[in-house]
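Quick note on numbering that gives the first Met the number 0: the sequence shown kicks off at 0 and runs consecutively.
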Amino acid sequence: MRNLTQDNITQAVIARFADTPDPRLKEIVTSLVQHLHAFARDVKLTEAEWFQGIEFLTRVGHITDDKRQEFILLSDTLGLSMLTVAMNQEKPQGCTEATVFGPFFVENAPSFDLGDDVSNGAPGIPCLVRGAIRGINGEPVPGAEIQVWQADAQGKYDMQYESHEHKARGVLHADGKGHYHFRSILAEAYPIPDDGPVGDMLRATKRHPWRPAHLHFMITAPGYERLITHVFRNGDSYLDSDAVFGVRQSLIADWVQQPDGNYLVEYDFVLNPERA
Ligand code: BEZ
Ligand code: FE
Numbered sequence: 000m001r002n003l004t005q006d007n008i009t010q011a012v013i014a015r016f017a018d019t020p021d022p023r024l025k026e027i028v029t030s031l032v033q034h035l036h037a038f039a040r041d042v043k044l045t046e047a048e049w050f051q052g053i054e055f056l057t058r059v060g061h062i063t064d065d066k067r068q069e070f071i072l073l074s075d076t077l078g079l080s081m082l083t084v085a086m087n088q089e090k091p092q093g094c095t096e097a098t099v100f101g102p103f104f105v106e107n108a109p110s111f112d113l114g115d116d117v118s119n120g121a122p123g124i125p126c127l128v129r130g131a132i133r134g135i136n137g138e139p140v141p142g143a144e145i146q147v148w149q150a151d152a153q154g155k156y157d158m159q160y161e162s163h164e165h166k167a168r169g170v171l172h173a174d175g176k177g178h179y180h181f182r183s184i185l186a187e188a189y190p191i192p193d194d195g196p197v198g199d200m201l202r203a204t205k206r207h208p209w210r211p212a213h214l215h216f217m218i219t220a221p222g223y224e225r226l227i228t229h230v231f232r233n234g235d236s237y238l239d240s241d242a243v244f245g246v247r248q249s250l251i252a253d254w255v256q257q258p259d260g261n262y263l264v265e266y267d268f269v270l271n272p273e274r275a
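So, in structure tokens, the structure goes:
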């Protein structure tokens, strides 16, 4: 096929994928080509702008390594991560809602016993976190695995420091009644990393990089769907403008200051049964 024009190139490219054996892959590449071409037509993309886009994506790739995941930040700040969560994590009424995973989860976080302090010296005001894990019919989920991770008072996750020591993250298991409690530090609002191309995009579009204060949870138990979510701190001034669009009303809880100055937050999780 020669002498393709702006009017027939899209169909020509799609036809080139006609023999893709995997039907889902074929569906995805076909739709991707259609939408990419439609986007270029819609904004009448110039060659200089296209090259700027290539340079931007190149920078996103160059800054990404095992500690810094700029592609996740890009997906998150464009709302694509939350869109995929919303489309794929619809649950029956009463189940705890899911939200974005984010780039700061690590495998092999240290294990703790109930009641332990997971902060491991991370700076912050002490905070007790407790609650229960239940199923949709109110049944306790004994022994559920709870992974928790959070930023410190300086707005940083442990992996953003040079030392690479695990802090303010850990794995615990609910007790025989599905209850959990652990000590950590007060969750505070923090900016997502904005010293790279995603930060440049936010500045160029007059957007701020802040996330409202939250704790991350990943809860796993046999017979239930894995839940990846946050608990957000009520009263935070960024709840309505989260840089990554992750806030859901049902995930907001009160962090209550105690007479000794420390904080307490209580949150019960309700898991969705595993789909057949
Ligand atoms: C986080 O909450 O850890 C996070 C989520 C999305 C982008 C950056 C950080
Ligand atoms: Fe976070």
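Beta carbons are placed, not taken as given, at the ideal position from N, Cα and C, and that holds for glycine. Since this is a predicted model, take the numbers as computed values, not measurements.
Under the three-pair Cβ rule at 8 Å, the stretch 45-55 does not count as touching the stretch 171-180. Here LYS166 is buried, its C-beta having at least 16 other C-beta atoms within 10 Å. Under the three-state reduction of DSSP, ARG129 is assigned to strand.
In the DSSP assignment, the residues bridged to MET217 are GLN146 and ILE227. Apart from sequence neighbours up to five positions away, the residues of its chain that approach ASP241 with a beta-carbon distance below 7 Å are ARG210 and PRO211, ordered along the chain.
With a threshold of 16 other beta carbon atoms within 10 Å, GLU54 falls short and is exposed. By a beta-carbon distance limit of 8 Å, GLN146 does not contact PHE103. Their separation comes to about 12 Å.
The continuous stretches of beta strand (DSSP E) do not include HIS207, and DSSP gives it neither H nor E. Taking 8 Å as the upper bound for CB-CB distance, LEU270 and VAL140 are in contact here, some 6 Å apart. A distance below 7 Å separates the beta carbons of LEU250 and VAL230. In the three-state scheme derived from DSSP, where H, G and I count as helix and E and B as strand, PHE16 is classed as coil. Rounded to the nearest whole angstrom, the CA to CA distance from GLN88 to THR57 is 31 Å. Note that the C-beta distance between THR228 and ALA14 is not below 7 Å. Per DSSP, reduced to three states, the secondary structure at HIS180 is strand. Of the candidates GLN5, THR219 and GLY101, the residue whose Cα lies closest to the Cα of GLY78 is GLY101.
Under the three-state reduction of DSSP output, ARG274 falls in the coil class, being neither helix nor strand. Each residue's CA atom was taken as its position, placing VAL84 and ARG225 some 13 Å apart.
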